[in-house]
Each structure stands twice: as structure tokens, then as C-alpha cells.
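Asker: Under the working numbering, the letters of the sequence shown match residues 86 to 189, in that order. Backbone N, C-alpha and C define an ideal beta-carbon position, used for all residues, glycine too. Please find one structure pasted underneath; my questions will follow.
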Amino acid sequence: MFRNPQYLINILASRDLNEIAEYFAENNLEAGERFFREFNRKCQQLVNFPHSGKSYGTIRPDLRGLPLQGYVIFYRVLEDGVEILRVVSGRRNFPDLFKESDKN
86 MFRNPQYLIN ILASRDLNEI AEYFAENNLE AGERFFREFN RKCQQLVNFP
136 HSGKSYGTIR PDLRGLPLQG YVIFYRVLED GVEILRVVSG RRNFPDLFKE
186 SDKN
């Protein structure tokens with residue numbers, strides 16, 4: 086029996102995406118639509134090629150990331166897909182970000 090690989094979006098990534106959506110809603114809906122289309126395309130790419138993102142193993146052993154329009158989609162590879170952990174600005178301090186989220 087074959088399983089369909091998929092991507093899951095955890096609660097922190099969901100919050101990140103809500104904040105990004107609010108920003109685009111206030112500033113540029115069309116750019117927001119492009120961002121979310123590209124986000125979905127990148128997530129599908131990760132399902133098919135889970136190791137295509139850069140390793141951020143120095144921050145967390147299983148952490149990988151893929152750039153998206155000034156943001157980074159952080160994820161980890163699962164047995165049957167990927168889990169989207171965070172979607173944050175590429176300017177953020179990534180080690181601090183994951184110290185915070187590991188406490189939650």
C-alpha cells in the first residue's frame with residue numbers, strides 16, 4: 086500500500102502565515118496572493134524532494150529551510166512528508182527563534 090506524502094503546518098508556522106497574510110492584506114493583496122501560491126508550490130516541492138532545502142543542523146539536528154521571497158520556510162522531514170515548522174523573515178536571528186519555539 087502506498088502512502089501519499091504530504092506537508093503539515095504546525096501551530097507556530099500557522100501563526101507566522103497569519104501574520105504574513107495580515108501584512109499583505111494591509112499592503113498589497115496581489116503580492117499576498119502570489120506569495121501564498123508560491124508557498125504552496127514550494128511545500129509541494131518539499132513533499133516530492135524533502136532534502137532539497139538547506140540544512141540548518143547547527144541550530145537543530147533535523148532542521149531544514151527553503152527561501153521564499155525574503156522569508157525562509159523551516160521544516161523537518163517526516164516519514165510520510167514534511168512538517169512546516171516556521172515561516173519567517175530571512176532577517177530574523179534563526180538560532181534565537183528556535184530557542185524560543187523549543188520552550189513552547
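With DSSP collapsed to three states, give me the class of Ile144.
Answerer: Here Ile144 sits in coil by DSSP.
Asker: How would you label Leu148, buried or exposed, when you count the other beta carbons within 10 angstroms and need 16 or more for buried?
Answerer: By the neighbour-count rule (16 or more Cβ atoms within 10 Å), Leu148 is buried.
Asker: Measuring alpha carbon to alpha carbon, tell me which of Gly117, Ala106, Phe134 and Pro180 ends up nearest Ile144.
Answerer: When each option's Cα is compared against that of Ile144, the closest is Pro180.
Asker: Report the partner residues of Ser174 according to the DSSP bridge assignment.
Answerer: Partner(s): Tyr156.
Asker: CB-CB under 7 Å to Gln154, same chain, minus the five flanking residues each way: which ones, in chain order?
Answerer: So the qualifying residues of the chain are Phe120 and Glu123.
Asker: Assuming the contact rule is C-beta atoms closer than 8 Å, Asn95 and Glu168 should be a hit. Round their C-beta distance to whole Å, please.
Answerer: The Cβ separation is near 6 Å, so the contact holds.
Asker: Assign Lys127 to buried or exposed, taking buried as 16 or more other Cβ atoms, counted over all protein chains shown, within 10 Å of its Cβ.
Answerer: Label assigned to Lys127: buried.
Asker: CB Gly166 to CB Val157, shorter than 9 Å?
Answerer: For Gly166 and Val157, no; Cβs fall outside 9 Å.
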